[in-house]
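When you read off a place in the sequence shown, starting at 1, and then add 5, the result is the number in my numbering.
Every residue gets a Cβ at the ideal spot worked out from N, C-alpha and C, and that includes glycine.
One structure is given below, encoded as structure tokens.
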Amino acid sequence: VNDYVRDEALAREAKRLGLDEGDTIVTRRLAQKMTFMVADLAREETPNDAVLLEWYETHADRFTEPQKVTFRHVFLSEDVRGASATSDAEALLGELNAGKDWREAGDPFMLQRAYGDLPLREVVRLFGGEFAQSIAATPASVLWTGPIRSALGVHLVQVSANAPPQLPPFDDVKDAVLADWQDQTRREENEKAIQEIIARYKVEVEGINAE
């Protein structure tokens with residue numbers, strides 16, 4: 006209680022003396038609290054399926070599953086092999102397609118040597134854009150292909166599945182569509198309310214008056 010009284014008395018005295026004026030931290034904190042209040046007062050609407058279906062179709066890119074690839078790879082290190090890494094890979098390619106066990110081929114690799122249903126963006130993160138672009142354009146096959154360069158070295162790759170981007174059926178992502186619609190609507194309603202508050206004040210910017 007004593008701490009509360011102390012803080013409240015000092016805060017009120019500071020306001021009386023105008024110490025809150027021109028203080029960026031105080032201004033931002035009050036603006037933040039007002040923003041939270043505006044958000045709390047916003048109406049939470051529940052749209053019907055027709056509205057959600059239109060939102061789903063208009064913003065299909067938000068709900069589309071990315072391209073995914075399933076592949077194995079054999080790594081040939083340029084640190085180990087130097088300039089011969091590419092030529093060694095070309096020679097090894099024929100052996101793999103002739104039946105050589107891929108698990109016993111190539112050089113040690115710090116990451117996995119096989120990936121299943123890996124989104125293309127993860128391929129970019131792990132191997133770099135050049136490798137991901139090559140993998141994305143490689144159709145599924147039992148054959149090994151390459152050599153393909155990555156940020157790590159040279160690879161031979163067998164792509165067993167290559168699923169293009171797919172938009173799931175509306176019913177499968179209805180909850181996600183609703184959440185996205187509500188989030189966007191909430192943002193727009195909040196911004197509208199804030200602009201209405203701003204419109205109540207006369208704003209002067211470096212000598213330019215604006216109503």
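The count of Cβ pairs closer than 8 angstroms, one atom from the region 165 to 179 and one from the region 70 to 89, reaches three, so the stretches are in contact. Distance from the Cα of glutamine 37 is smallest, within the candidate group Lys207, Ile199, Arg205, Gly134, for Ile199. Beyond the five residues adjoining it in sequence on each side, alanine 145 comes within less than 7 angstroms, by CB distance, of Val164, Ser165, Ala166, Asn167 in the same chain, given in chain order.
Annotation for alanine 181: Phe68 place their beta carbon closer than 7 angstroms to its own, counting only its chain and skipping 5 residues before and after.
The straight-line gap separating the alpha-carbon atoms of glutamine 117 and arginine 126 is approximately 16 angstroms. Around the beta carbon of alanine 137, 16 or more other beta carbons sit within 10 angstroms, so the residue counts as buried.
Segment contact: the region 102 to 117 against the region 79 to 91, three or more CB-CB distances shorter than 8 angstroms; contact assigned. Secondary structure note for glycine 104: it is in no beta strand (DSSP E), with a DSSP letter that is neither H nor E. For serine 155, the number of other beta carbons within 10 angstroms of its own is at least 16, and it is reported as buried. By the Cβ-count criterion, proline 152 is buried, with 16 or more other Cβ atoms from all chains shown falling within 10 Å of its own Cβ. Here leucine 35 is exposed. Its C-beta has fewer than 16 other C-beta atoms within 10 Å. In the DSSP assignment, glutamate 209 falls within the beta strand (DSSP E) that extends over 208 to 210.
Cβ-Cβ distances below 7 angstroms link aspartate 25 to Ala19, Val31 in the same chain, with the five nearest sequence neighbours on each side left out; the list follows chain order. Rounded to the nearest whole angstrom, the CA to CA distance from leucine 183 to proline 169 is 25 angstroms. Comparing C-alpha distances from methionine 42 to each of Thr29, Arg191, Ala16, Glu211 shows the shortest one belongs to Arg191.
In this structure, alanine 90 places its C-beta atom within 9 angstroms of the C-beta atom of glycine 158. Taking C-beta atoms as the reference points, alanine 119 and histidine 160 fail to come closer than 9 angstroms.
Under the three-state reduction of DSSP, alanine 36 is assigned to helix.
Secondary structure remark: continuous alpha helix (DSSP H) runs of at least 4 residues inside the region 58 to 85, in chain order: 65 to 68.
Per DSSP, the beta bridge partners of alanine 119 are Arg77.
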